[in-house]
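Numbering (this note's numbering) for the sequence shown: 1 to 732.
Glycine included, each C-beta is placed from N, C-alpha and C at the ideal position.
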Amino acid sequence: MNKVFSFVLALTSLCATSCKLSLDAELSLDDKMSDAQIEAAIDTILPQLSLEEKVAMLHAQSKFSTPGVPRLGIPELWWSDGPHGVRAEINWNDWGYAGWNNDSCTAFPALSALAATFNPDLAYIYGVALGEESRYRKKNVILGPGVNIYRTPLNGRNFEYMGEDPFLASVLVVPYIHGVQSTGTATSVKHYALNNQEEDRMGVNVEVSERALRELYLPAFKAAVVDGKAWTLMGSYNRYNNQHCCHNEILLNKILKEEWGFDGVVVSDWGGAHDTKEAALYGLDVEMGSFTNGLDAQIGNFGWDDYNLARPYREAIKKGELTDKELNDKVRRILRLNFRTNNNWGPGRMTCDAHMKTAHDIAREAVTLLKNEGSILPLDPSKKIKIAVIGENATRTLVKAGGSSELKPKYEVAPLDGIKKQFPNADIQYATGYTSGAAFYGFAPAPKEDQKKLKAEAVELAKSADVVIYVGGLNKNYQQDCEGGDRQSYELPFGQDALIDAVAAVNKNMVVVLASGNAYSMPWLDKVPAVVQAWYLGSESGNVIAEVLDGSINPSGKLPFSFPVKLADSAPHSFNDPMVYPGVDHQQIYKEDILVGYRWHDTKGIKPLFPFGFGLSYTTFDVKNINVSNTAADIKVSADVANTGSVCGAEVLQVYVGKVDSKVARAQKELKGFQKVNVNKGATASVNISIPVESLKFFNEETHAWELEKGKYVVYVGTSSADILSTTEIEL
Ligand code: GLC
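Below is the structure:
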């Protein structure tokens, strides 16, 4: 008998005498409870619960689970990382892995790679596959997606998020959530809010204008809640308005729950709750990870009852210091989550071919071609050429690291293996070239002192090769693309710049493939003919990279964040002021305000190395017949995209809008629409983009309201934030 039916029957029998359960008694075996039935069931349960049972539901009983109500047959809730795959099972009460042998997963591309696809359809299938794997692993909540805005290229967790533009992140986060939750798994959109760096993430208080908060840092969360209907949301570690974001009166009560009408559960980041009264009053529903970070001294029954929303809360209510009004709202939300995720859903699936195909489909549209001088790419796989593959990232795992989003994949194809498979006729030789010196999960890199030897060997190998494929980048080591620490410099680590220089000096046919979730400097750019930004692509990475290199895949990725030439060219670092980044004495001010990423580059006239929205193809496109018109309600942009090259490919037409003579400071232009089109060689595809005039509003800090400014606007149509093909002035 399915879980929901038996549970509801138990309920009915339990209170048949005391109250009329307005549930439709003949709930059939494969029905789902409607929202109304769920609310009715909650109305019936709530009065049945003791204070102890209510408070128990508000906090962890283990690292990643919260109690149900055994007496009533209400199941426990299980929570699991992460945004791009279901994390391996963790011990009951410490951060160690449980060592199961049935929890290997599909490693999907990181969300920065999903963002680079500019394809909301892929975000949906991504969510469905991830949701199915979560179901199979019996997890009620998957702790993702992350949608914090990419503010500084040093942030350790940018790889987990969807880039620098709130519109792009908003468009992609909604179908991802719909996909996950269509399987009965709840999402937990994170980290709400202003968690834009790892440096001092537990302590920093972010001061930012309400306008920048509303126009840049909140939109993707609002879309996730209002359009995505996320069932849970995770508070962030940092503070805003000098209050922890996990219990924050403005962010959680005023904006999230009152203004946006969030009816789900606010869960703390692990260890993000700090105060019983604030947690009770300022919007926290479930407290996780407070004292038992696995290493702290365990108190009593492992500290679970010492949580802020545990015994201290019970006692505060018993003493009358707090009422049970907030408690009942928290319990109602938790029960709603329980019913939503235990509502007769399917069993899910794990690491099936379909999921691996999904990972591949996303990865193939994420890879971003940044340079291809003389069309050195794609390489011809039929030729008997000598290929030198150089770089530690050609063989090292990039999935089993990075912090809480790390995964134990069923497999992860390394680039070297992918290249060997795609180029069977080539003589392929490998040289490590550089070493990170950090062993990870069985990967034993060369010791640091061998750096010189490795470089010499790589240069030697490159001399006699027809083509060099360099595979490097960041690698999720600590203080790279990794949770818990920011990068300490903008350059590629481990001496890679010098190595690339040295190899390029002996072989002009060098293709540089870089894995990262962040921008980095490229002092060697003029010395190499081809650069491929390969992201973190998960299980299928080596296959996809090799298929791009041999042309089986025509890359169509676009940068979801700008690549400044140097760090000082990026907004927060241009001030050269530690208050702006990383903050001083736990205080930080976002002085760049609304000008982040391309908004900064365009408005300040600082040309980036590669602009937001940029990506090349193996074919060429001609965008014609661009037409822009507007009514009072929306702006309509139409165009024809002709494929004038020799292979089919995809282009992303982007529409930006800027205000002329605005009464307030504004970015030169902001992304307000985009559409990705696949076009066969010699064919033409038509694009139609409609932009609601509503979306042009700015947030007026005097009136604390969104306001549409009348007057002239400029509509920019292009294939990146810097490759603008047409500008049209309109009047609103
Ligand atoms: C971590 C991360 C959060 C993760 C949680 C559980 O500290 O900030 O993203 O979901 O704790 O691992």
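Under the three-state DSSP convention, the category E670 falls into
strand
Quick one: grab the DSSP three-state call for R333.
helix
8 Å contact criterion, which V652 and F621 should meet: CB distance rounded
That pair is no contact at about 10 Å.
E210 to E701, Cα distance in whole Å?
7 Å
Residues in its own chain within less than 6 Å of K686 by CB, not counting five upstream and five downstream?
Correcting the residue type first, residue 686 is Ser in the shown sequence and not Lys. Hits under 6 Å: D640.
One question on the structure: do G374 and P582 come within less than 8 Å of each other, judged by their Cβ atoms?
no
Proximity winner among K257, Y307, N241, relative to S273 (alpha-carbon distances)
According to the sequence as given, residue 273 is Ala; it is not Ser. Closest by alpha carbon: Y307.
With a cut-off of 8 Å, do at least 3 Cβ pairs link the segment 136 to 146 to the segment 71 to 88?
yes
Within the continuous alpha helix (DSSP H) that includes P523, where are the two ends?
Careful: P523 lies outside any alpha helix (DSSP H) and carries neither H nor E.
Is L143 near the ligand GLC, in the sense that its beta carbon is under 7 Å from a heavy atom of that ligand?
yes
Tell me the rounded alpha-carbon separation between K325 and L51.
12 Å
Taking the Cβ atom as the reference point for each residue, do I500 and I387 lie within a distance shorter than 8 Å?
no
In whole angstroms, give me the CA-to-CA distance for F167 and N425.
45 Å
Between the CA atoms of V226 and F575 - distance to the nearest angstrom:
35 Å
Other residues of its chain near D103: CB distance less than 7 Å, five sequence neighbours each side excluded
A88, E89, R137, K408
Between which residues of its own chain and N678 is the CB-CB distance below 6 Å, once the five residues before and five after are set aside?
A650
Indicate whether the contact test is met: 3 or more Cβ pairs, each with one atom in the segment 612 to 619 and one in the segment 709 to 723, closer than 8 Å.
yes
C-alpha distance - C245 paired with L416, whole-angstrom precision:
43 Å
Status (buried if at least 16 other CB within 10 Å, exposed otherwise) for N301:
A caution first: N301 carries a pLDDT of 48, below 50, which makes its placement in the model unreliable, though a value can still be read off. By the 10 Å Cβ count, N301 comes out exposed.
So which of R201, F118, G320 has the shortest CA-CA distance to K672?
F118
Hey, G271 and G289: beta-carbon distance below 8 Å or not?
yes
Nearest to E364 by alpha carbon, out of K463, G320, E540, A224?
The sequence given here has Arg at residue 364, not Glu. Nearest C-alpha to R364: E540.
Coil, strand or helix - N247 by DSSP
Inspection of the sequence shows that residue 247 is occupied by His rather than by Asn. In this structure, H247 counts as helix in the three-state DSSP scheme.
To the nearest angstrom, report how far apart L567 and N242 are at their CA atoms.
29 Å
Pick helix, strand or coil for P166, following the three-state DSSP scheme.
helix
Taking E731 as part of the beta strand (DSSP E), name the residues at either end of that continuous run.
724 to 731
State the Cα-Cα distance for the pair Q815 and F339, rounded to the nearest angstrom.
Residue 815 lies beyond the range of the chain shown here (1 to 732); nothing can be said about it.
For the beta strand (DSSP E) containing N543, list its first residue and its last residue.
No beta strand (DSSP E) contains N543, which is instead part of the alpha helix (DSSP H) from 541 to 549.
Work out the CA separation of D305 and L335 for me, nearest whole Å.
20 Å
So if DSSP puts D466 in a beta bridge, which residue, or which two residues, is it bridged to?
In the DSSP output, where bridge partners are listed per residue, D466 has none listed.
Give me the Cβ distance between A667 and D602, rounded to the nearest whole Å; I'm assuming they're in contact under 8 Å.
7 Å
Give the DSSP bridge partners of Q654, in chain order.
F674, G718
Quick one: using the 10 Å Cβ neighbour count with 16 as the cut-off for buried, is N680 buried or exposed?
exposed
Pairwise C-alpha distance: Y124 and K712
36 Å
Could you check what DSSP says for M288 in three-state terms: helix, strand or coil?
coil
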